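Please read the structure below before turning to the comments.
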Amino acid sequence: MCTCKEQPALIEISNTHADFMSRLTQQDVGHWALLMSCPECNQLWRVDESVKYQPCYAVKISSRENWEEFDSESLIKEQMIENRGGLTQHYCMWSKCNFKKVKGSTLCVNHLWETGSRE
Ligand SMILES: [Zn+2]
Ligand SMILES: [Zn+2]
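Position 109 of the sequence shown, counted from 1, bears residue number 116 in our numbering, the numbering being contiguous throughout.
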């Protein structure tokens, strides 16, 4: 039995990439991403290519059309905030930024994202 249904919309698979991929069938190859499908339930997954020292994510997608353009950015940002334990009460140190800082950081999630952080 597959576990697609129980999985959240976005999962971090940095340490389980090979295992995760081994249960899926490759459908298409994109730019640093692969379109995979589950042979049991046909769920489509957009999976980041495994890159050393970079966190790797898989997101559920509902259609094969424009799968490569599927915007996982907001989902990953939510995950980044969660990984860090939430937001603080203070604003991002970036000048004129109105977003709250993420715990343990001086920046908001958008500016963290701009520095290339994905975890
Ligand atoms: Zn499945
Ligand atoms: Zn900011």
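Every residue gets a Cβ at the ideal spot worked out from N, C-alpha and C, and that includes glycine. The model shown is predicted, which means the values in this text are computed figures rather than measured ones.
Residues of the same chain with a CB within less than 6 Å of the CB of Val54, apart from the 5 flanking positions on each side, are Leu41, Met43, Ala65 in chain order. Excluding its 5 nearest sequence neighbours in each direction, Gly111 has C-beta neighbours in its own chain below 6 Å: Arg91, listed in chain order. Shown here, Ser29 sits in a helix according to DSSP, grouped into three states. Secondary structure at Gln61: coil, using DSSP grouped into helix, strand and coil. In the structure shown, Trp120 falls within a helical segment according to DSSP collapsed to helix, strand and coil. Here Gln96 carries a strand assignment [DSSP, helix/strand/coil].
Distance from the C-beta of Glu47 to the nearest heavy atom of ligand 1 is below 7 Å. With 7 Å as the limit, the residues whose C-beta approaches any heavy atom of ligand 2 more closely are Cys99, Trp101, Cys104, Phe106, Leu114, Cys115, Asn117, His118, in sequence along the chain.
Linking Lys12 to Trp52 through their CA atoms gives a straight-line distance of about 12 Å. When rounded, the separation of the alpha-carbon atoms in Cys104 and Leu17 is 27 Å. Exclusion of the five residues before and after Glu80 leaves Trp120 as the residues of its chain whose Cβ lies within less than 8 Å of its Cβ.
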